[in-house]
Every structure is written in C-alpha cells, then in structure tokens.
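Have a look at the structure below, then the notes.
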Amino acid sequence: MDLNFLDFEQPIAELEAKIQELRNVEFDNNIDISDALKQLEDRSLALTESIFTNLSDWQISQLSRHPGRPYTLDYVSSIFTDFHELHGDRAYADDPAIICGLARLDEQPVVIIGHQKGRDTKEKIYRNFGMPRPEGYRK
C-alpha cells in the first residue's frame, strides 16, 4: 500500500506501478510494448476519471487534508516574485500560522494572505498546526 495515495486511490496507484514496470522492461530490453503501455495509460485515465467524478463527501475531505497538498508558501514560491512576509500585529505578537506579505505577480504588486500548517512535527508546532491566534488576523 502506497502511503502517498488514499485508500480509494489504491487501484490507480497499482495501475501506475504496472505502467512504470512496463516502461522499465521496455527500456532495459529494447522491446516495443508501446501498444500495451498506451492501453494501460488509457485505462488509468478512465479509472482516475471514474473515481474522481464519484467521490463521497468524506473522500473529498480526505483529499483536502492530504499531507502532500501544497501549502501557502509552496504557492508563493512558485507563482510570485519578491515576496516579503509581514510579521507581527504591531500590538501584541506574531502568528506564524497566518502568512501575510507583499509580492509581485507579473510585476504587479499584490498582497498575499494564507494559512500555513507545516510539514514536519517541529514546523507544525511552530505554526500551531495551522490554527491561527487573534494576532494572526490583525497582521
């Protein structure tokens, strides 16, 4: 069982593993199995579409809470330039669970606000597991 996939995604993970295994066999032995690969890839796409169009409310919730999902700082680093984070509320303290800052999007200045949970235990504790305090809302 692949831990990067949720329980309802396991059939997709197994099919993707078979596809990767076939690619390795094709590469190692110089055998042309492109038809079989194409057929498996089409099956994988159809399976993915059928699974994700019929998700229950709980499965949608599981996807939204998946630890591999990008967080605010992931989006900031890949989309924006010249990001400068604002710290503190000028009255009491800084809340690291709320990310707020100034950046540029295509040379246009923008303000960014978002939650940050943290990936490992140390960062999660620092970010209070993504639970903001009142000072976070006053940034």
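In our numbering, the protein residues as written are 78 to 216. A virtual CB, placed ideally from N, CA and C, is assigned to each residue, including glycine.
Among H192, Q139, T149 and H161, the one whose alpha carbon lies nearest that of F82: Stepping through the sequence shown from its first residue, residue 82 is reached at position 5. Comparing Cα positions, the closest option is Q139.
Inter-residue spacing [alpha-carbon to alpha-carbon] between P144 and I176: For the purposes of this step, residue 144 is taken as the residue at position 67 of the sequence shown. For the purposes of this step, residue 176 is taken as the residue at position 99 of the sequence shown. Taking the straight line joining both Cα atoms gives about 18 Å.
C-alpha gap between A94 and P186, whole angstroms: Within the sequence shown, residue 94 is the residue found at index 17, counting from 1. Within the sequence shown, residue 186 is the residue found at index 109, counting from 1. The straight-line gap from Cα to Cα measures roughly 44 Å.
Whether R100 touches L122 by CB criterion (8 Å): In the sequence shown, the residue the question calls residue 100 occupies position 23. In the sequence shown, the residue the question calls residue 122 occupies position 45. Contact flag unset, no.
Residues near L182 by beta carbon distance below 6 Å, same chain, minus five either side: If you number the sequence shown from 1, residue 182 lands on position 105. Contacts found: F157.
Counterpart residues of L182 in DSSP-defined beta bridges: What you label residue 182 is simply residue 105 of the sequence shown in a count that begins at 1. In the DSSP output, where bridge partners are listed per residue, L182 has Q185.
Reference L117; option with closest CA among H161, E91 and G165: Along the sequence shown, one-based indexing puts residue 117 at 40. L117 has its Cα closest to that of E91, out of H161, E91 and G165.
For R142 and H161, the rounded distance between their alpha carbons: Position 84 of the sequence shown, counting from 1, holds the residue named residue 161. Position 65 of the sequence shown, counting from 1, holds the residue named residue 142. So the alpha carbons of these two residues sit roughly 27 Å apart.
Coil, strand or helix - D112 by DSSP: Position 35 of the sequence shown, counting from 1, holds the residue named residue 112. Reduced to three states, the DSSP call for D112 is helix.
Limits of the alpha helix (DSSP H) - the one that E200 falls within: For the purposes of this step, residue 200 is taken as residue 123 along the sequence shown, with counting starting at 1. Run containing E200: T198 to Y203, per the alpha helix (DSSP H) assignment.
Given A168 as reference, the closest of R215, D119 and I96 once Cα atoms are compared: As a working mapping, residue 168 is identified with position 91 in the sequence shown. Nearest option by C-alpha distance: R215.
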